[in-house]
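Have a look at the structure below before the remarks.
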Amino acid sequence: MEETTQPISVLLIDDHTLFRSGIRSLLQRHPEFDVVGEAADGVEGIKRAKQLKPQVVLLDLNMPGMSGLETLQLLLQDCPDSAIVMLTVSEDAQDLAAALKAGASGYLLKNIDTDYLTRAVRRAAAGETVVAEAMTSKLVAQLQAGTRPAEPASDLDRLTPREKEILDCLARGESNKVIARSLDLSESTVKIHVQNVLKKLNLSSRVQAAVFAVEHRRAQQG
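Mapping of the sequence shown onto the UniProt record's numbering: residues 1 to 222, in sequence order.
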């Protein structure tokens with residue numbers, strides 16, 4: 001008898017009813033997702049999350065009353081096993097940095113296409129950090145202007161010359177396709193290099209790798 005895989009449970013928290021309905025309809029076209037509930041504000045969202053224990057929460061950033069960041073912080077306390085992904089119209093790098101610093105598992109823009117959203121929800125459920133590609137370069141720029149302490153330079157000694165090239169590309173927010181084209185590699189080879197970079201530096205996402213690269217570069221310049 002074949003083992004059946006349970007669908008990924010998703011909770012939607014957004015004050016726009018039509019947007020929630022659209023996302024629900026979109027996700028439920030795919031049998032691998034189950035939208036178990038909706039909420040129009042942070043207070044109701046926290047209540048529903050505690051009841052339903054979803055694997056993934058798609059959370060709006062700007063809501064009346066309790067903000068998305070406030071909701072995020074309480075959700076992380078009450079539902080530590082849920083992956084909280086911000087789904088917002090804000091392309092402000094400060095909002096992105098604040099959400100990731102607060103513990104969000106991802107930051108997506110509401111104008112993303114269907115395939116990107118479904119892949120992102122799948123990855124978030126698997127424990128990965130998901131950030132809209134359009135926001136990665138903005139995060140890097142935000143960090144370049146900041147004063148966060150740098151990681152030890154010795155960590156870079158673990159990387160091969162090619163992996164250091166890959167890390168530089170990640171710092172520029174480039175996708176695997178762009179990296180493959182610029183370094184004349186296949187996308188599958190780039191993917192393996194990225195995985196090796198993350199493993200050697202003990203990082204969990206491309207965004208963290210970009211942060212590491214920017215901070216190390218700033219430490220060298222300083």
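Cβ coordinates follow ideal geometry from the N, Cα and C atoms, glycine included.
- Following the DSSP letters along the chain, one finds G42 inside the alpha helix (DSSP H) bounded by residues G42 to L52.
- Bridge partners of A83 according to DSSP: V56.
- Membership of V89 in any beta strand (DSSP E) is not indicated, and neither H nor E is assigned to it by DSSP.
- Cβ neighbours of V35 within its own chain (closer than 7 Å, five residues either side excluded): V10, L12, R24, L27 and Q28.
- D34 is bridged by DSSP to S9.
- When rounded, the separation of the alpha-carbon atoms in E91 and A171 is 18 Å.
- Taking the C-beta atoms as reference points, V56 is found no nearer than 8 Å to A104.
- Secondary structure of A126 (DSSP, three-state): coil.
- Note that the C-beta distance between A213 and D184 is not below 8 Å.
- Proximity of the stretch 192-210 to the stretch 128-138 meets the contact definition, three or more beta-carbon pairs being nearer than 8 Å.
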